[in-house]
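Each remark here refers to the structure printed beneath this line.
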Amino acid sequence: MKESLLKLLMCPKCKSDLTLSVTQKDKEIAEGDLFCDVCNIHYPIHKYIPRFVKRDEYVANFSMEWDLHRNTQLDSISGYGESERTFVEKTGFDLLMLKGKLILDAGCGSGRFMEIAAKYGAEVVGFDLSYAVDSAFANMGLNKNINIIQADIFDLPLKIESFDFIYSIGVLHHTPCTKDAFMRLPGLLKTNGEIAIWVYADEPFHVKVFNRVSGLYRFFTTKMPLRMLYRFCHIAVPLYYLYKAKGLGHIFRVMLPLSTHPDPQWRVLDTFDWYSPKYQWKHTYGEVADWFEEAKLQDIVKLSIPISMKGRR
Ligand SMILES: C[S@@+](CC[C@H](N)C(=O)[O-])C[C@H]1O[C@@H](n2cnc3c(N)ncnc32)[C@H](O)[C@@H]1O
Ligand SMILES: [Zn+2]
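Counting in our numbering, the sequence shown runs from 376 upward without gaps.
Okay, structure coming up:
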């Protein structure tokens, strides 16, 4: 943890400032403690990361996913530039506006989008409930523009009205309630700050069909031991070629929906990402627009990748 992060943190229970004590420090604070003297609660800093949760709750699948695929989707490793394109498409943010701004990545995973924001000169704070934070730290934690926290979106240790931009890509629908999770975020924006989210779609019709068919499989896969499911997801590697077969391929795609990403590692990752999460809600543009309005956001823009939307405080 960087000492400069302290000014953004507060006790998630009573919102008081925290007192920092350091027991081990090298390039950053490696071990230490954040103490709330109102609640008499200690929040440990362990392996460079302030920890506001005791364990990874219902997201052990994501701890595993981002450990096994720590850098599969990092542009700096893959060379595809796909994370940068996805970031722009799903947030609608102008990358050249990010320089010098303070940005929150809500559910950072192993940090593929923090890497983009930091590359364009933003200072980024990323949090995640899972041990993906350790993968993100291994990937980029010592970058001077990146801060990582292990925390639950429903119990955030962040001060209100702190951020110029907030994004949350592929996260909110993996919580017990997508809307409630979203509602925790707009208050963290400064006035005129922008927020963008991307959540799973339940429209148009062919997506609905995909959701229903894969939902039948999910009934079983979400109950399987994670290691077994992960091994199972490797069938996405050869099935990709079957999917390409004329006529029959299309039927297989509908009957057994797996990732069709051209990179075999991404196919395994994406397939596990689809079939392992406990919570996986789907939404429509209309629903998400209602949440943005209820949060009193302005300049609401429906972005072209379903379902992504941005707005301004
Ligand atoms: C599909 S991953 C997306 C990660 C990253 N945004 C990306 O696109 O690479 C979803 C992430 O949401 C996180 N998550 C789920 N529930 C959460 C919660 N209550 N608080 C914080 N993070 C949560 C998971 O741990 C997981 O890393
Ligand atoms: Zn407190």
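Using N, Cα and C, we set each Cβ at its ideal position, and we do this for glycine too.
Bridge partners for residue i per DSSP, in chain order?
i, result
"Gln399", "Glu406"
"Asn522", "Val500"
"Asp485", "Correcting the residue type first, residue 485 is Ser in the shown sequence and not Asp. In DSSP, Ser485 forms no bridge with anything."
"Pro425", "Ile420"
"Ile717", "As shown, the chain starts at 376 and ends at 688. That puts residue 717 outside it, with no answer to give."
"His658", "Ala576"
According to the Cβ coordinates, are residue i and residue j closer than 8 Å?
i, j, result
"Ala576", "Lys465", "no"
"Ile424", "Met385", "no"
"Val629", "Val582", "no"
"Leu631", "Gly624", "no"
"Asp442", "Ser510", "yes"
"Ala695", "Phe437", "The structure shown does not extend to residue 695, since the chain is modelled only from 376 through 688, so no value can be given for it."
"Val500", "Asn522", "yes"
"Tyr542", "Phe488", "yes"
"Leu380", "Val434", "no"
Could you check how far apart the C-beta atoms of residue i and residue j are, in whole angstroms? I think they sit under 8 Å.
i, j, result
"Glu406", "His421", "6 Å"
"Glu432", "Asp648", "So it is not a contact: roughly 18 Å between Cβ atoms."
"Val413", "Ser391", "5 Å"
"Phe540", "Lys476", "6 Å"
What is the residue span of the alpha helix (DSSP H) that residue i lies within?
i, result
"Thr646", "639–650"
"His581", "580–596"
"Ser543", "That residue, Ser543, is in no alpha helix (DSSP H); its beta strand (DSSP E) goes 538–544."
"Thr698", "Only positions 376 to 688 of the chain appear in this structure, which leaves residue 698 out of reach."
"Trp573", "It is not in any alpha helix (DSSP H) - Trp573 instead sits in the beta strand (DSSP E) that spans 564–573."
Starting from residue i, trace the beta strand (DSSP E) in both directions and tell me its first and last residue.
i, result
"Pro419", "416–421"
"Ser683", "683–687"
"Ile675", "673–678"
Hey, is residue i's beta-carbon within less than 8 Å of any beta-carbon in chain D?
i, result
"Pro579", "The structure shown has no chain D; it contains just one protein chain."
Exercise. Okay, do the region 513–529 and the region 472–486 touch, 3+ Cβ pairs below 8 Å being the bar?
Worked result: Yes: the two stretches touch, three or more of their Cβ pairs being nearer than 8 Å.
Exercise. Can you find at least 3 beta carbon pairs, one from the region 456–476 and one from the region 547–558, that sit closer than 8 Å?
Worked result: Contact fails: fewer than three Cβ-Cβ distances are below 8 Å.
Exercise. Is the region 482–500 close to the region 510–522, with three or more CB pairs under 8 Å?
Worked result: Yes, the region 482–500 is in contact with the region 510–522.
Exercise. In chain order, what residues have a CB nearer than 7 Å to some heavy atom of ligand 4?
Worked result: This structure simply doesn't include ligand 4; it includes ligand 1 and ligand 2 instead.
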